[in-house]
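Working notes, structure below.
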Amino acid sequence: RDATRRARATRDALGRRGRRERRAATDAVNDGAEASARRDDAERGNRGGGLEGPRAGEGRDRRRAQREIQEAIGACERAFDVLEIVGRRGEAFNAVNSVTAMYKISRLLTSRAGRLRRSEAKQVSADARFSRLLEMVEGGVQQLDKVGLEHRRWAYHKMALPSEYRMKAALSIRLLDRAKDLQGDLMDASDVEFILTMVEEQEEVFNKVNASTALHRVARLTTQRLPGQLRPTMERSTLFGDERFQTLMSMVDRMAGEMSMQGVSNVLWALARLDYPTDEALLEALAARAGSQAASAEPKNLSTTLWALAVLGHKPRSKLLK
Numbered sequence: 002r003d004a005t006r007r008a009r010a011t012r013d014a015l016g017r018r019g020r021r022e023r024r025a026a027t028d029a030v031n032d033g034a035e036a037s038a039r040r041d042d043a044e045r046g047n048r049g050g051g052l053e054g055p056r057a058g059e060g061r062d063r064r065r066a067q068r069e070i071q072e073a074i075g076a077c078e079r080a081f082d083v084l085e086i087v088g089r090r091g092e093a094f095n096a097v098n099s100v101t102a103m104y105k106i107s108r109l110l111t112s113r114a115g116r117l118r119r120s121e122a123k124q125v126s127a128d129a130r131f132s133r134l135l136e137m138v139e140g141g142v143q144q145l146d147k148v149g150l151e152h153r154r155w156a157y158h159k160m161a162l163p164s165e166y167r168m169k170a171a172l173s174i175r176l177l178d179r180a181k182d183l184q185g186d187l188m189d190a191s192d193v194e195f196i197l198t199m200v201e202e203q204e205e206v207f208n209k210v211n212a213s214t215a216l217h218r219v220a221r222l223t224t225q226r227l228p229g230q231l232r233p234t235m236e237r238s239t240l241f242g243d244e245r246f247q248t249l250m251s252m253v254d255r256m257a258g259e260m261s262m263q264g265v266s267n268v269l270w271a272l273a274r275l276d277y278p279t280d281e282a283l284l285e286a287l288a289a290r291a292g293s294q295a296a297s298a299e300p301k302n303l304s305t306t307l308w309a310l311a312v313l314g315h316k317p318r319s320k321l322l323k
């Protein structure tokens with residue numbers, strides 16, 4: 002009897018811990034959903050200027066819909082209930098809604114003992130709505146924070162998805178961790194050659210934050226003298242002809258549409274300081290991105306952006322100036 006009581010107490014304790022973990026995970030994802038909704042509002046609702054008029058209402062409606070979706074997913078008790086939401090409201094999903102749905106499905110298919118109910122999981126995986134959800138998750142990876150990426154990795158592993166998906170999910174976590182280390186090295190760099198070497202050796206690690214920081218740091222080191230230096234660490238003519246710098250510029254060009262306002266202002270400041278012969282398409286992409294982020298931007302980033310565009314002789318076609 003004592004052994005039975007101990008076993009029951011252990012099982013109850015594990016059940017309580019599991020419920021606490023699920024509540025904590027849900028809270029973290031809901032926080033991410035709120036942040037993602039606000040980003041969507043800033044990017045979409047502000048493209049015509051401020052958040053006034055019909056666009057402001059559209060932004061609020063979108064955020065409300067995404068919150069409702071998040072709550073509906075959290076209330077589901079069966080995996081097929083989640084798929085029903087995907088089929089009915091998938092068009093309104095943002096990246097956090099998608100990864101939440103995937104994570105919820107994987108949790109609902111996991112027994113109390115932590116084992117996957119394979120028969121039911123096979124039926125879910127064969128459903129066309131699950132394939133659609135998988136595409137939605139993969140399409141929104143760049144918008145996920147570490148919590149979202151961890152949930153993606155856990156869900157893919159638990160559901161034993163094809164190895165290519167599990168490998169990509171695991172790689173995203175490793176790259177995020179490496180990108181954080183890389184960011185610290187870029188911020189501390191005191192030599193242009195060191196930064197260009199990192200571009201050459203760790204190109205696959207660079208994310209949008211790393212790229213904007215690297216360019217900003219290169220411009221500062223090239224155009225400003227550090228204490229104890231008689232001249233900048235590299236001449237501009239040498240820098241512009243360096244293949245590694247061109248690789249960095251290609252990254253900036255590719256990631257411009259995803260950058261935060263801080264990243265955009267860093268890039269534009271760097272281009273203006275370097276007097277770099279920038280392609281008009283890149284300038285317009287940066288200006289448009291700034292316009293989409295302006296509502297939530299800090300004044301210093303807005304002023305830096307406008308100053309840099311003026312120096313570069315670019316008049317944005319977006320509503321940024323309004």
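If you want the working numbering, it's the position in the sequence shown, counting the first as 1, plus 1.
Cβ atoms here follow ideal geometry from the backbone N, Cα and C, with glycine treated the same way.
In this text the structure is predicted, and so the values were computed from the model without any measurement.
Can residue i and residue j be called in contact, C-beta distance under 8 Å?
i	j	result
residue 286	residue 264	no
residue 268	residue 187	no
residue 220	residue 161	no
residue 200	residue 248	yes
residue 291	residue 252	no
residue 275	residue 226	no
residue 137	residue 91	yes
residue 111	residue 71	no
residue 260	residue 209	yes
residue 288	residue 310	yes
residue 125	residue 84	yes
residue 107	residue 156	yes
residue 284	residue 307	no
residue 117	residue 181	no
Can you list, in chain order, the residues of its chain whose CB lies under 7 Å from that of residue i, leaving out five sequence neighbours each side?
i	result
residue 79	109
residue 171	154
residue 176	206
residue 214	184, 187, 188 and 267
residue 179	206
residue 298	262
residue 1	Outside the shown range of the chain (2 to 323) lies residue 1, about which nothing can therefore be said.
residue 324	In the structure as shown, the chain begins at 2 and stops at 323. Residue 324 is therefore absent and cannot be evaluated.
residue 123	none
residue 190	196 and 218
residue 203	183
State the beta-bridge partners of residue i as determined by DSSP.
i	result
residue 111	117
Leaving out five residues before and five after residue i in sequence, what residues of the same chain have Cβ atoms less than 6 Å from its Cβ?
i	result
residue 141	96 and 99
residue 53	Because residue 53 carries a pLDDT of 43, less than 50, the predicted location of this residue cannot be relied on, and no value is offered for it.
residue 93	66
residue 212	252, 253 and 256
residue 305	266 and 270
residue 195	none
residue 144	96
residue 301	none
residue 235	193 and 223
residue 23	Confidence at residue 23 is low in this model, with a pLDDT of 49, below 50, so the placement of that residue should be treated as unreliable; the coordinate-derived value is given next. Excluding positions up to five away in sequence, the list is empty.
residue 1	Because the chain in this structure spans residues 2 to 323, residue 1 falls outside the shown range and cannot be described.
Excluding the five sequence neighbours on either side, which residues of its own chain have a C-beta within less than 8 Å of the C-beta of residue i, listed in chain order?
i	result
residue 135	103, 162 and 166
residue 240	193, 219, 223, 246 and 275
residue 280	254
residue 168	none
residue 77	83, 86, 105 and 109
residue 115	none
Q: Inspect the CB distances between the segment 127 to 137 and the segment 178 to 187 and report whether three or more fall short of 8 Å.
A: no
Q) Three or more C-beta pairs closer than 8 Å, one from the segment 94 to 108 and one from the segment 67 to 76: is that the case here? A) yes
(Q) I'd like the ranges of any alpha helix (DSSP H) spanning at least 4 consecutive residues and lying wholly in the segment 208 to 274. (A) 209 to 224, 237 to 241 and 244 to 256
Q: Would you list, in sequence order, the uninterrupted alpha helix (DSSP H) runs of no fewer than 4 residues that lie entirely inside the segment 130 to 194?
A: 147 to 159 and 164 to 189
Q.
As an exercise, report each continuous alpha helix (DSSP H) stretch of at least 4 residues that is fully enclosed by the segment 63 to 104, in chain order.
A. 80 to 90
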